[in-house]
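Take a look at the structure set out below.
Residue numbers (the working numbering), protein chains in the order written: chain A, 1 to 461; chain B, 1 to 442.
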């Protein structure tokens with residue numbers, strides 16, 4: 001996407017300003033988004049994202065800029081503005097580029113640049129819409145969305161790195177709204193992965209519609225959620241957002257290096273119940289959060305974060321490695337050329353255990369079963385997090401009683417990790433978007449159903 | 001080739017295809033600085049440009065965008081938008097406005113030239129971090145920064161519209177992490193201005209420190225029903241989360257619970273809510289919306305009754321009404337509606353009345369993006385703040401949740417204060433409002 005001689009000229013210029021390290025991240029992405037509403041196509045949108053990110057490192061200082069232009073003079077101008085306060089004699093010389101293409105672990109076939117497959121995607125969304133509406137005449141509205149992206153990147157750096165990669169993402173979602181004339185409630189189901197539209201051979205629009213409608217109907221008859229501290233059983237798949245928020249963000253060197261994570265000095269220590277082992281794995285074939293190489297050009301890895309309750313690794317990018325001394329883990333990620341890379345999660349999950357679902361429920365006198373989770377957020381400095389329950393049930397005397405609505409779970413990472421006492425066998429992953437300092441990146445969360453012995457439930461009852 | 005020439009070429013190609021269209025071109029430049037341990041941790045310089053095209057052909061709408069500005073990409077932009085339109089359902093209500101207005105904001109007012117140097121801005125970033133880090137018990141200042149951004153939007157249409165707005169925003173922010181024994185807390189604040197000299201680092205540092213120090217010893221309070229006052233930073237966020245209640249687009253889509261409630265009492269009679277886009281004190285100022293319709297003041301709730309939804313030309317046509325100048329469309333998005341800057345009329349309650357007896361002041365809510373359902377109005381958020389009595393803070397409060405239904409909460413307004421406050425981002429101006437009987441879990 002960028003001429004090698006031009007990249008060489010620009011990076012050499014960056015080093016001539018006195019930078020210890022210079023990098024160009026070139027991106028050209030195609031996007032296509034189809035929206036349906038009221039059983040009709042509402043919109044088809046498409047776009048071209050193109051830009052070049054420029055990173056200079058002077059000691060521990062990171063200078064970053066970007067532009068949509070490809071002229072060498074514009075790239076040098078940005079470098080000049082960035083380095084204006086740090087100019088010094090050259091410290092290092094440019095290493096000759098040694099091009100290497102990553103091994104493709106996530107093959108994609110029906111990719112966007114070949115065919116947007118609009119007719120096929122619309123047919124999928126309409127089938128999901130029909131399934132949801134067929135579930136009940138209380139389903140009053142549906143929204144469908146299918147989004148595909150083909151991201152092509154090229155990275156050059158002053159250490160001689162020159163590599164390219166292509167990432168193909170696709171995600172289809174249906175939201176169902178149930179209404180009884182008095183109240184409204186929503187349900188949602190989504191499938192996605194790091195592959196092309198061939199995903200349609202793996203997903204079932206009827207299941208998508210049925211599941212979205214089922215959640216909406218459950219929530220329509222849900223009662224106010226009890227509040228207070230109580231045990232909570234958290235469902236598999238997207239329930240793993242609890243670990244993502246409570247712990248994952250706190251293990252990124254973006255927070256660790258600043259000592260803005262409560263775990264920054266806990267390497268090797270027990271930070272969780274011994275029932276907990278957790279992984280961040282970027283290598284899982286065609287998973288939503290996977291990558292071949294990270295956005296700094298390093299082959300990604302499978303990183304064991306916690307083993308039997310003990311902290312075993314952080315998520316480390318290039319800068320984090322320099323600041324903390326830990327080895328890089330192929331975790332340098334960014335949303336686009338508009339962001340400098342930072343240590344980020346990929347597919348993050350608690351490994352399956354051996355507890356039975358019925359045993360978890362029957363062990364609770366008064367608590368909540370959070371079957372489906374929504375999003376959440378965390379403050380890394382204190383570990384305080386919150387996340388929303390989007391499908392929940394009240395448990396009493398060891399039995400699930402009735403659905404509850406509008407509940408938030410809050411706690412701190414260190415506290416909740418020690419409260420996870422039972423982990424089940426029904427492991428699954430779910431896809432989401434994670435927002436942080438380097439933008440929104442695709443990440444998977446996951447777990448088997450697990451039990452937290454005590455957490456604050458915020459409800460209205 | 002100039003931007004104007006590129007726009008003409010794009011719209012000529014749209015016309016040649018027998019379609020109508022409008023084109024948004026966004027350009028921007030920004031500087032972002034962050035400090036850590038007395039040195040710059042981030043120094044970011046950016047320039048950006050994006051073309052966003054909407055075409056309408058045979059009553060079908062298609063959109064496309066491109067950040068690449070070469071001739072080939074801009075031809076593809078038009079062709080892709082036309083192709084996308086061919087898949088869309090017929091939408092009889094969405095039109096390119098027959099609007100040949102020439103509209104332009106005043107650069108001297110909204111985007112003043114600024115003589116501050118990069119060195120001065122760096123010095124400000126370092127000063128903020130150093131002064132806050134020097135305060136007692138501050139472990140570090142993990143989040144801080146100074147940003148200077150200038151954004152320019154141009155809107156052109158095949159019917160002759162030429163609109164241009166340009167605005168500058170300088171802002172700084174700081175968050176302190178304080179530790180004392182086994183307690184820790186992180187809070188902060190920001191400031192926004194159009195000129196560098198209007199930023200006040202001393203006030204920023206003092207406020208950020210005080211916010212954090214005051215909450216450090218916070219603890220949960222017993223679960224129960226409390227009168228609650230959301231402070232001037234949080235109340236606009238709460239209204240923003242549920243702003244769909246004013247959306248004509250959501251009403252058209254059948255998901256706005258206020259769709260059939262125009263003229264009905266939906267809130268306590270003390271509440272009057274307006275959108276005031278022409279208030280130049282705010283950063284939500286807008287001379288025109290993204291369709292090129294001139295912006296205007298609009299009363300949304302008048303003494304408790306829903307008096308208007310916000311409309312673009314499409315939703316207005318659907319409801320046989322007139323656009324209220326609230327059309328939104330970014331280069332990458334389709335036509336929607338959005339508020340400019342929300343203001344709530346001052347009430348009559350003085351401080352003594354507003355702060356009588358026991359109540360909870362909420363200064364922070366977490367989970368705003370995930371803990372709310374704008375369709376049903378249900379919410380459940382993590383919260384922190386202060387338990388107060390007769391205007392005096394009795395106890396800092398952390399580790400609680402507040403939950404309820406926003407649309408029911410609007411009917412439980414006990415008192416509205418007599419003084420309006422801008423939030424720090426100057427996007428909304430509201431008085432303190434005391435809500436009765438909100439569920440708190442501790």
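Backbone N, C-alpha and C fix where the C-beta goes; we use that ideal spot for every residue, glycine too. For clarity, every value in this text was computed on a predicted model and none was experimentally measured.
Counting along the chain, no alpha helix (DSSP H) covers residue 64 of chain B; the unbroken beta strand (DSSP E) around it starts and ends at 60-66. The beta carbon of residue 240 of chain A sits closer than 6 Å to those of 349, 445, 446, 447, all from its chain and outside the five residues before and after it, given in chain order. Exposed is the label assigned to residue 401 of chain A, since fewer than 16 other Cβ atoms lie within 10 Å of its Cβ.
Under the Cβ criterion of 7 Å, residue 87 of chain B is counted among the residues facing chain A.
Assigned with DSSP and collapsed to three states, residue 254 of chain A falls in helix. For residue 434 of chain B, not one C-beta of chain A is nearer than 7 Å to its own C-beta. Relative to the Cα of residue 115 of chain B, the nearest Cα in the group B/309, B/231, B/170, B/380 belongs to B/170. Proximity of chain A to residue 186 of chain B at the Cβ level (cut-off 9 Å) is accounted for by 260, 379, 380, 381, 382, 384, in chain order. Put simply, of B/51, B/6, B/35, B/2 the residue whose alpha carbon is nearest the alpha carbon of residue 332 of chain B is B/51.
The beta carbon of residue 347 of chain A does not come within 7 Å of any beta carbon belonging to chain B, so the residue lies off that interface. When DSSP states are grouped into helix, strand and coil, residue 432 of chain B belongs to the strand group. Taking a C-beta cut-off of 8 Å against chain A, the contacting residues of the segment 67-80 of chain B are 67, 68, 69, 73, 76, 77, 80, listed in chain order. Using a 10 angstroms sphere on the CB of residue 345 of chain A, the tally of other CB atoms reaches 16 or more, which defines it as buried.
Contact annotation: in the segment 171-200 of chain A, residues whose CB is within less than 8 Å of a CB in chain B are 177, 183, 184, 185, 186. Look at residue 338 of chain A here: in three-state DSSP terms it is coil, with no helix or strand label. Contact annotation: the segment 421-434 of chain A does not touch the segment 398-413 of chain A, with fewer than three C-beta pairs closer than 8 Å. Annotation: residue 399 of chain A is outside any alpha helix (DSSP H); the continuous beta strand (DSSP E) that includes it extends over 399-405.
Of all alpha-carbon atoms in A/26, A/208, A/419, A/35, the one lying nearest the alpha-carbon of residue 230 of chain A is that of A/419.
Between residue 120 of chain A and residue 197 of chain A the beta-carbon gap is near 7 Å, inside 8 Å, which marks them as a contact. As computed with DSSP, residue 306 of chain A is found in a beta bridge with A/278, A/311.
Per DSSP, the unbroken beta strand (DSSP E) holding residue 161 of chain A starts and ends at 161-179. Between residue 95 of chain A and residue 160 of chain A, the CB-CB gap stays under 7 Å.
Closer than 7 Å to the CB of residue 137 of chain A there is not a single CB belonging to chain B. For the segment 309-374 of chain B, the continuous beta strand (DSSP E) assignments of 3+ residues that do not extend past its boundaries occur at 342-344, 358-366, in sequence order.
Chain order gives the chain B residues near residue 49 of chain A as 67, where near means a beta carbon separation below 7 Å. By the criterion of a C-beta distance shorter than 6 Å, residue 414 of chain A is surrounded in its chain by 262, 383, once the five residues flanking it on both sides are discounted. Judged by DSSP secondary structure, residue 131 of chain A falls within the alpha helix (DSSP H) whose first and last residues are 118-135.
Contact between residue 392 of chain A and residue 225 of chain A holds: their C-beta atoms lie close to 6 Å from each other, under 8 Å.
Contacts with chain B at 7 Å (Cβ-Cβ) include residue 410 of chain A. If you draw a straight line from the Cα of residue 303 of chain B to the Cα of residue 151 of chain A, it comes to about 51 Å. Against chain B, the beta carbon of residue 66 of chain A has neighbours under 7 Å at 46, listed in chain order. For residue 47 of chain B against residue 67 of chain A, the beta-carbon gap comes to about 5 Å, under 8 Å, which counts as contact.
Residue 405 of chain A belongs to the set of residues whose beta carbon lies under 7 Å from a beta carbon in chain B.
Pairwise C-beta distances place the segment 319-336 of chain A in contact with the segment 281-295 of chain A, as three or more of them are shorter than 8 Å. The three-state reading of DSSP puts residue 373 of chain A in strand, counting E and B together. For residue 144 of chain B, the enclosing beta strand (DSSP E) covers residues 138-157.
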